[in-house]
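**Q** Before we start, here is the structure in question, set down as structure tokens.
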Amino acid sequence: MGRIAALGIGIVTLTSGAVVPAVADSSEGVAQTRQAQSGSGDATGVQLAKGKLHLYKHTYFKGAHIALSKTDKKLKNNGWAGGNADNAVSSVQNKTSRSVTLWDRSGKDCNGPHIKIPAHSEQKKLGKMNDKTSCVIFH
Ligand SMILES: [Ca+2]
8 MGRIAALGIG IVTLTSGAVV PAVADSSEGV AQTRQAQSGS GDATGVQLAK GKLHLYKHTY
68 FKGAHIALSK TDKKLKNNGW AGGNADNAVS SVQNKTSRSV TLWDRSGKDC NGPHIKIPAH
128 SEQKKLGKMN DKTSCVIFH
């Protein structure tokens with residue numbers, strides 16, 4: 008009985024003495040690795056910006072459509088099958104990482120009624136801006 012108890016204590020001491028410092032070292036290593044990975048994650052975010060802004064002729068993303076990846080201040084010059092996107096857009100899907108504003112009036116400084124479409128969002132109806140968009144600005 009006396010011998011078994013002594014042996015048991017010896018094992019516990021040896022185990023805890025060897026294991027505890029090893030765990031502390033490896034957890035520090037894990038923390039440093041995670042920091043390095045989150046830094047490289049920014050590059051992945053930039054790649055998401057390659058999506059496009061989809062403008063549809065009808066509500067609920069139906070009918071003819073065009074896809075833009077940059078500001079277009081004169082939709083009159085931008086057409087879809089069977090017509091022109093100017094004053095004809097009724098729904099929008101913004102698949103880019105930038106917010107976009109749709110303006111009623113085209114030109115150098117687009118103005119008038121407008122609607123802002125946040126990044127990665129969609130509008131199945133445009134309300135007062137239905138069939139009014141003449142200018143699209145990416146922010
Ligand atoms: Ca207009």
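Taking this note's numbering, I'd label the letters of the sequence shown as residues 8 to 146.
All C-beta atoms, glycine included, are put in the ideal place defined by N, C-alpha and C.
Do T103 and L60 have their beta-carbon atoms positioned less than 8 Å apart in this structure?
**A** yes
**Q** Tell whether a beta-carbon distance below 8 Å holds between S141 and K83.
**A** yes
**Q** Should T78 be counted as a contact of ligand 1 given a C-beta to heavy atom distance under 7 Å?
**A** no
**Q** Go ahead and pull the three-state DSSP assignment for K83.
**A** K83 sits in a helix when the DSSP states are folded into three classes.
**Q** Compute the Euclidean distance between the alpha carbons of S113 and G119, then round it to the nearest angstrom.
**A** 9 Å
**Q** Name the two residues that bound the continuous beta strand (DSSP E) containing N101.
**A** 98-101
**Q** Excluding the 5 residues preceding and the 5 following K135 in the sequence, name in chain order all residues of the same chain whose CB lies nearer than 7 Å to its CB.
**A** P120
**Q** Going by DSSP, what residue range makes up the beta strand (DSSP E) through C142?
**A** 142-145
**Q** Nearest by alpha-carbon distance to K115: which of A71, F68, T78 is it?
**A** T78
**Q** What residues in its chain sit with their C-beta under 8 Å from that of D138, if we drop five residues either side in the sequence?
**A** N94, A95, V96, S97
**Q** Would you call the CB atoms of V107 and F145 closer than 8 Å?
**A** yes
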